[in-house]
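*Asks:*
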Amino acid sequence: MGRMDVVRAAWEAGTVIPAFNVPHLPMLAPIVQAVIDQDAFALIETARIEWLTFECYGPAAVREAFERFSDPQHVRLHLDHVPVVAEDDEAVDYLPIITQAIHLGYDSVMIDGSRLHLDANIAATRQVVCVAHDAGIPCEAELGAILREGAGPLPPYAELFESGLGFTDVEQAARFVAETDCDWLSVAVGNLHGAVSKAFKDRKKTTARLNLDHLARLRAATGVPLVLHGGSGIPRTYVLEAIQRGIAKINVATEVRQAFEEGLRSGGSLEAAKAAVYERTTWLIRDYFGVAGQRHQLLEASS
Ligand code: 13P
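Residue numbers for the sequence shown follow my numbering, so the first one is 71 and each next one is one higher.
Okay, structure coming up:
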């Protein structure tokens, strides 16, 4: 497939594409509107755990809402985490989900084999990369253990960060990319996924740090755009440095979801919740990522 996809264009330009999850379907329209109003470029994405946990109903429903509100000059649709082994250790029949999304017209997909041993992750990823490339779209993969808040007992974050537990191994990453031909690689460098469990989903996310030296080593070893999952709640200085070290796509879910849910609770109406999503997304694009107005540059480079 043509390798100059839009995330690669961002990577080469030293900038980033925010990827916004839509755990509740009504979040989609205000997110897209904020991207358009900021003349930015972003991905809209949905993950299996979200349609199982929240109200976005699955890849077909997200695709349908995307078609109604989207503008290809500003947003594309990405299939986020489809795990080979789910968080509860259940095996997932991942290939039909991914092929369904491809047939629905998703612009890119992700296969998450990160709970497998290296060889099995390579084999599953390689298979999905071939399917995606046959359809002419890029494929994201994951290596390393990005832990999720509220999904079981975790050591204190500072301890976790200092120990480097679960960080993507540099040598494994080089082999993984060479053998799978994945287009974008999601890495673990201190980032955490926000909680989705009932008990923890409303809590303020732990402020994560990023090991920037480790990230630079991963960039040098892999030579592909890197993806930062768990984008909510990371101090901006880390994020800007991470972009300079190869992060070209950042996934954000919890922060915008919590704005929506808080808007529903305090404003009491769907319109108030959507307004909160619009505000939060606008702030993220303009003031946090600083990517307002950059879509022309990215689209020209990737055309
Ligand atoms: P946050 O919920 O921490 O923003 O992470 C989102 C994510 O990585 C989705 O894949």
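Heads up, the beta-carbon is just placed ideally off N, CA and C, and yes, glycines get one too.
All of these numbers come straight from a predicted model, not from anything done at the bench.
Please state whether DSSP places ASN321 in a helix, a strand or coil.
*Replies:* In the structure shown, ASN321 sits in a strand (DSSP, three-state: E or B).
*Asks:* Would you list the residues sitting across from ARG46 in a DSSP beta bridge?
*Replies:* The question about residue 46 has no answer here: the residues shown for the chain are numbered 71 through 373.
*Asks:* I need the straight-line Cα distance from SER178 to VAL347, nearest angstrom please.
*Replies:* So the two alpha carbons sit approximately 24 Å from each other.
*Asks:* Could you name the residues that DSSP lists as bridge partners for ALA393?
*Replies:* The structure shown does not extend to residue 393, since the chain spans only 71 to 373, so no value can be given for it.
*Asks:* DSSP state of ARG365, grouped into three classes?
*Replies:* ARG365 falls in the helix class under three-state DSSP.
*Asks:* Between which two residues does the alpha helix (DSSP H) carrying GLU137 extend?
*Replies:* That run of the alpha helix (DSSP H) goes 129 to 139.
*Asks:* Which residues bound the beta strand (DSSP E) around ILE304?
*Replies:* Neither: ILE304 is in no beta strand (DSSP E) and is coded neither H nor E.
*Asks:* Measure the C-alpha to C-alpha separation of MET71 and ILE172 and round it to an integer number of angstroms.
*Replies:* Note that MET71 scores a pLDDT of 45, beneath 50, so its modelled location is shaky; the value from the coordinates is reported in the next line. Each residue's alpha carbon lies about 15 Å from the other.
*Asks:* Could you pull out every unbroken alpha helix (DSSP H) segment of at least 4 residues lying fully inside the segment 81 to 125, listed in chain order?
*Replies:* Counting whole runs of 4 or more residues, the segment 81 to 125 contains the alpha helix (DSSP H) stretches 98 to 107, 118 to 123.
*Asks:* May I ask you to list the residues that DSSP assigns as paired with VAL297?
*Replies:* Answer is SER256, LYS319.
*Asks:* Taking one C-beta from the segment 179 to 196 and one from the segment 151 to 165 each time, how about it: are there three or more such pairs within less than 8 Å?
*Replies:* Flag = yes, the segment 179 to 196 and the segment 151 to 165 touch.
*Asks:* Evaluate the contact criterion for the segment 77 to 93 versus the segment 335 to 342: three or more CB pairs, one atom per stretch, below 8 Å.
*Replies:* No: the two stretches stay apart, fewer than three of their Cβ pairs being nearer than 8 Å.
*Asks:* Assess, as a yes-or-no matter, whether the segment 348 to 358 is touched by the segment 102 to 110 under the definition of 3 or more beta carbon pairs within less than 8 Å.
*Replies:* Yes, they touch.
*Asks:* Tell me whether GLY363 is buried or exposed, calling it buried when 16 or more other Cβ atoms sit within 10 Å of its Cβ.
*Replies:* Exposed.
*Asks:* Following the continuous alpha helix (DSSP H) through VAL201, name the residue where it begins and the one where it ends.
*Replies:* Looking at the DSSP string, the run of the alpha helix (DSSP H) that includes VAL201 is 188 to 204.
*Asks:* Opposite ALA161 in the DSSP bridges: which residues?
*Replies:* Answer is VAL155, bridged to ALA161.
*Asks:* Could you check if LEU122 is buried or exposed, using at least 16 other CB atoms within 10 Å of its CB as the buried criterion?
*Replies:* LEU122 is exposed by the Cβ-count criterion.
*Asks:* In angstroms, rounded to a whole number, what distance separates the CA positions of ALA244 and LEU288?
*Replies:* Straight-line Cα distance between these residues: approximately 8 Å.
*Asks:* Return the CA-CA distance between VAL361 and GLN197, expressed in angstroms with no decimal places.
*Replies:* Roughly 34 Å between the two C-alpha positions.
*Asks:* What do you reckon, is the C-beta of LYS268 under 8 Å from a heavy atom of ligand 1?
*Replies:* No, ligand 1 has no heavy atom inside 8 Å of this Cβ.
*Asks:* Taking buried to mean at least 16 other C-beta atoms within 10 Å of its own C-beta, is SER212 buried or exposed?
*Replies:* According to the sequence provided, residue 212 is Glu. The question's Ser does not apply to it. It is buried - the Cβ of GLU212 has at least 16 other Cβ atoms within 10 Å.
*Asks:* Please determine, among MET97, LEU174, TRP254, the residue with the shortest C-alpha to C-alpha distance to PRO208.
*Replies:* Out of MET97, LEU174, TRP254, TRP254 has the C-alpha closest to the C-alpha of PRO208.
*Asks:* For ASN321 versus GLY300, is the C-beta distance shorter than 9 Å?
*Replies:* Contact: yes.
*Asks:* Which of helix, strand or coil does DSSP assign to LEU340?
*Replies:* Helix, per DSSP.
*Asks:* Just to confirm my understanding: we take LEU368, look at its own chain, exclude 5 residues before and 5 after, and list those with CB closer than 8 Å. What are they?
*Replies:* So the qualifying residues of the chain are VAL76, ALA79, ALA80, ALA83, THR85, ILE87, PHE111.
*Asks:* Pick helix, strand or coil for ARG279, following the three-state DSSP scheme.
*Replies:* Note: ARG279 maps to coil in three-state DSSP.
*Asks:* From what residue to what residue does the beta strand (DSSP E) around ARG146 run?
*Replies:* Element bounds for ARG146: 145 to 149.
*Asks:* Contact between the segment 277 to 286 and the segment 324 to 334 is defined here as three or more beta-carbon pairs at a separation below 8 Å; is this criterion met?
*Replies:* At 8 Å Cβ cutoff, the stretches do not touch.
*Asks:* Determine the contact status of ALA265 and GLU229, defining contact as a CB-CB distance below 9 Å.
*Replies:* Cβ distance not < 9 Å, so ALA265 and GLU229 don't count as in contact.
*Asks:* How is the alpha helix (DSSP H) around LEU230 delimited, first residue to last?
*Replies:* Run containing LEU230: 227 to 233, per the alpha helix (DSSP H) assignment.
*Asks:* Within 10 angstroms of the Cβ of GLN108, are there 16 or more other Cβ atoms? Answer buried if so, exposed if not.
*Replies:* It is buried - the Cβ of GLN108 has at least 16 other Cβ atoms within 10 Å.
*Asks:* Taking Cβ to Cβ, would you say ILE317 is nearer than 9 Å to VAL297?
*Replies:* In this structure, VAL297 lies closer than 9 Å to ILE317 by Cβ.
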